[in-house]
Amino acid sequence: MSQLKQSLSDSIKNSMKARELERVKVLRNVQSVVKQIEIDRQTELDDAQVLEVLQKQLKQRHESLTIFTENGRDDLANKEQFEIDIINEFMPKQMDDAELAALVNAEIAEQGATSMRDMGSVMGVLKNKTAGRADPALISKLVKDALQG
């Protein structure tokens, strides 16, 4: 069992013992998504794949949070924010902007990338190096800005 899945299970057990019912509900939901993907793919997910699932869950909740906030549904927005906070506990520390920019520039220099045609190869390497620690959309923007000059 991957370390991240084990951590998720342990957190569910601890939350159940502490009678944190809302927290248990969120964690079980995430765990069920992971299990469903494992069943669909007929394989056990490793930490990187579980991290991808958590990122997708976070992205969905951020989108919902934005919609609820725009429409004045503070009750639902608060619920989404609560879920985001819980899922974030399992995410690795996020890279800051300066650290990310330095990594992007280093990778572009290392590959000798000079035009937008090189963006795919640069993004492929950076996606693996920053898995779970940076927003892929932000990475893409930084790479595109750097390659366009």
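When you line the sequence shown up against the numbering used here, it's residues 927 to 1075, in that order.
From the three backbone atoms N, C-alpha and C, an ideal C-beta is built for every residue, glycine too.
All figures in this text were calculated on a predicted structure; none of them were measured in a lab.
Taking A1060 as the centre and dropping the five residues before and after it, the same chain places the C-beta of M1021, L1026 closer than 6 Å to its C-beta, in chain order. Separation of E946 and Q968 (C-alpha to C-alpha, rounded to the nearest whole angstrom) is 32 Å. Boundaries of the alpha helix (DSSP H) harbouring S935: 929 to 943, taken from the DSSP string.
Between the segment 1059 to 1074 and the segment 1026 to 1043, the count of C-beta pairs closer than 8 Å reaches three or more; the two stretches touch. E996 counts as exposed, since fewer than 16 other C-beta atoms from the protein chains shown sit within 10 angstroms of its C-beta.
Contact between the segment 950 to 959 and the segment 997 to 1017 is present: three or more C-beta pairs spanning the two stretches fall below 8 Å. Counting other Cβ atoms within 10 Å of its Cβ, G998 stays below 16 and is therefore classed as exposed. Just measuring C-alpha positions, the residue of D973, K1055, V979 sitting nearest S958 is V979. In the three-state DSSP reduction, K1070 falls in the helix class (H, G or I).
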